[in-house]
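Take any residue in the sequence shown, count from 1 to its spot, add 21: that is its number in this note's numbering.
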Amino acid sequence: MSKVHVFDHPLIQHKMTIMRKVETGTKQFRELVDEVASLMAYELTRDLPLTDVEIETPVTKTTQKMIEGKKLGIVPILRAGLGMVDGMLRMMPNVKVGHIGLYRDPETLEPTEYYLKLPTDVAERDFVVVDPMLATGGSAADAISSLKKQGAQSIKLACLCAAPEGVKRIQEEHPDVDIYLAALDEKLNDHGYIVPGLGDAGDRLFGTK
Ligand code: PRP
Ligand code: URA
């Protein structure tokens, strides 16, 4: 069964609260998504393997640790996932970025895939699928299935805000995928929106309605 990590760091909780406020405008919302994504990248990479390297400081020769050149990939779910990419890249500047385009039908809430572009060496990379919202879980579950169909062996899911229903769906359909969240909320409403949530993440990020 996949593990669920909720990052309850005070900085993340504080930024999430401002993001949730209805009066927070597009510019500030975008900046906050970016900042929280950076903070999450720090936690997401906690298990990266290190290797010993010989270096010379101005004082002496010494053996120190560096990251072992692991191949990583970030895959934002379009559109809203794009808001998390720059923040993650700031912490992991060499990772490759794939894209998966999905939209949720407002009536059925079912996701439809319209775009997929991944790095060529899919099977050798550790991927992080990013999307601010995990509501019914349909979009993330489909994105993960598409990645697996292309050969991905190692996938994590990072979202800002999740409903228990979405977490349950990922755990049932993708028990090998660990879930990283900035907040685990109460429930979904009748329109498939997370409660209390933060509204439509894509619209708030890009200033659309
Ligand atoms: C939102 C959000 C997720 C999805 C979550 O995207 O960014 O991708 O809904 O809902 P689910 O867990 O019930 O599938 P949306 O379909 O609104 O598209 P957008 O990113 O273009 O705004
Ligand atoms: N998508 C969003 O952007 N927000 C929600 O609350 C649910 C799905």
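For each residue, glycine too, the CB sits at the ideal point set by N, CA and C.
query = Would you say V27 and L205 are within 8 Å of each other, going by their C-beta atoms?
reply = In contact: V27 and L205 (Cβ atoms closer than 8 Å).
task = Please state if the CB of L202 and the CB of C180 are separated by a distance shorter than 8 Å.
result = A contact, by the Cβ cut-off of 8 Å.
For A144 and M22, the rounded distance between their alpha carbons = Their Cα atoms are separated by approximately 22 Å.
Beta-carbon spacing of A62, G108 below 8 Å = Judged by beta-carbon spacing, G108 lies within the 8 Å limit of A62, meaning their Cβ atoms are closer than that value.
request  = Would you kindly check if the distance between the Cβ of V96 and the Cβ of G119 is under 8 Å?
outcome  = For the 8 Å CB-CB criterion, G119 and V96 form a contact.
query = CB-CB under 8 Å to K230, same chain, minus the five flanking residues each way: which ones, in chain order?
reply = Cβ neighbours of K230 beyond the five flanking positions: D224.
query = What residues sit near the ligand URA, counting only those whose C-beta is closer than 5 Å to one of its heavy atoms, in chain order?
reply = One residue after another in chain order, those with a Cβ under 5 Å from a heavy atom of the ligand URA are M154, A156, Y214, I215, G218, D221 and A222.
ask   = Mind checking H195: buried by the 16 CB within 10 Å criterion, or exposed?
value = Around the C-beta of H195, 16 or more other C-beta atoms lie within 10 Å, and the residue is accordingly described as buried.
query = In whole angstroms, what separates the C-alpha of G4 from that of G94?
reply = Because residue 4 is not part of the residues shown, which for the chain are 22 to 230, the question remains open.
Cut-off 7 Å between Cβ atoms - residues of its own chain near L103, not counting five sequence neighbours on either side = Excluding residues within five positions, the ones whose Cβ falls inside 7 Å are P97.
inquiry  = Please tell me whether, using a cut-off of 7 Å, the distance from the CB of A144 to the nearest non-hydrogen atom of the ligand PRP is below it.
reply    = Answer for A144: no, Cβ out of range of the ligand PRP.
inquiry  = Give me, in chain order, the residues of the same chain whose beta-carbon lies closer than 8 Å to that of K91; leave out the 5 immediate sequence neighbours on both sides.
reply    = Excluding sequence neighbours, K91 sits near L69, P70 and D147.
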